[in-house]
DNA sequence: GCGACAG
DNA sequence: ATCTTGTCGC
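Residue numbers (the UniProt record's numbering): 1 to 222.
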C-alpha cells in the first residue's frame, strides 16, 4: 500500500525545531469511536483552551464514517479527515495542537500528531498513553515528575513522563514545529495535577459526548 | 516464523 | 478505542 510512502513524505516535511509564536490558545484533539457501532463512525473533537487560564474558548466536533479500520502505524488515516473538519469549524486557528497519539515516535516518524501538524502547518505535540516504538534510555523513576528520553533506532523520538504518582507514564513526542523540550514544557504546564494534560482531557470528554449524542436513540415521536 | 502493536 | 459504579488508598 502507498500510505506508508505518504507517511515518509510527510515526515520529511516535519519541522523538529521550535517554530511557533506566542502561545495563547492551545487545542486538545481527540477521537472517539465504538466497535459496536454498525455505521463505523469516528467522532473528532477539538477543544481550544486559553493560556494561562486554561479556560475553554472554542470547541468543535465532527462525526464521519471511518475511512478504514484501525491499523497499527496507520491511525492518522482513520482519524484525520474528521479532525480536519472539526478544526475548520473553529473561528480562529489555535497556536498549538495537543494530539492524543504519537508525534515522531512512530516507525516512519509520522504519528498522528506529526501528520496533523504538517497538513495543517500548525505546531503540534503528541501525547500518547502507551508505546508504539522506541525504548526508554533508562528505567523511569517512580516519583511524580520523573522523566526519561525514548530512543528508537538511534534517534531520540520522545520521552516518558510520570505526570502523576503511581500512574502509567505519558508518552510525549514532538509533532511539528516543536522541539521535545518545548513539548514537555507545554504538557507539564497544563497538567493541573492530573495524569493527562487539560487540553487532551477536555477533548477526550467532548469526543465522548459527541459519540454518545450521535449514537443516542432518535428523539421519541408522539 | 515469532513477537510487538498509538487509538 | 470501548464495556462501567462503587470502592480502596494516599
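Glycine included, C-beta positions come from ideal geometry on N, C-alpha and C.
Residue i, buried or exposed, once every other Cβ within 10 Å from all chains shown has been counted against 16
i: residue 1; result: exposed
i: residue 77; result: buried
i: residue 17; result: exposed
i: residue 7; result: buried
i: residue 3; result: exposed
i: residue 200; result: buried
i: residue 94; result: buried
i: residue 83; result: buried
i: residue 102; result: buried
i: residue 72; result: exposed
i: residue 130; result: exposed
Residue i in three-state terms, based on DSSP
i: residue 1; result: coil
i: residue 39; result: coil
i: residue 27; result: strand
i: residue 115; result: helix
i: residue 97; result: strand
i: residue 86; result: helix
i: residue 201; result: helix
i: residue 8; result: helix
Candidates the options, of which the one nearest residue i by Cα
i: residue 105; options: 204, 214, 186 and 152; result: 152
i: residue 120; options: 189, 85, 195 and 148; result: 85
i: residue 107; options: 211, 75, 117 and 162; result: 75
i: residue 173; options: 166, 182, 165 and 167; result: 182
i: residue 197; options: 28, 15 and 24; result: 28
Start-to-end residues for the beta strand (DSSP E) that takes in residue i
i: residue 159; result: 155 to 161
i: residue 127; result: 124 to 128
i: residue 91; result: From DSSP, residue 91 is part of no beta strand (DSSP E); its letter is neither H nor E.
i: residue 148; result: 147 to 152
Endpoints, alpha helix (DSSP H) assigned at residue i
i: residue 176; result: Careful: residue 176 lies outside any alpha helix (DSSP H), inside the beta strand (DSSP E) at 170 to 176.
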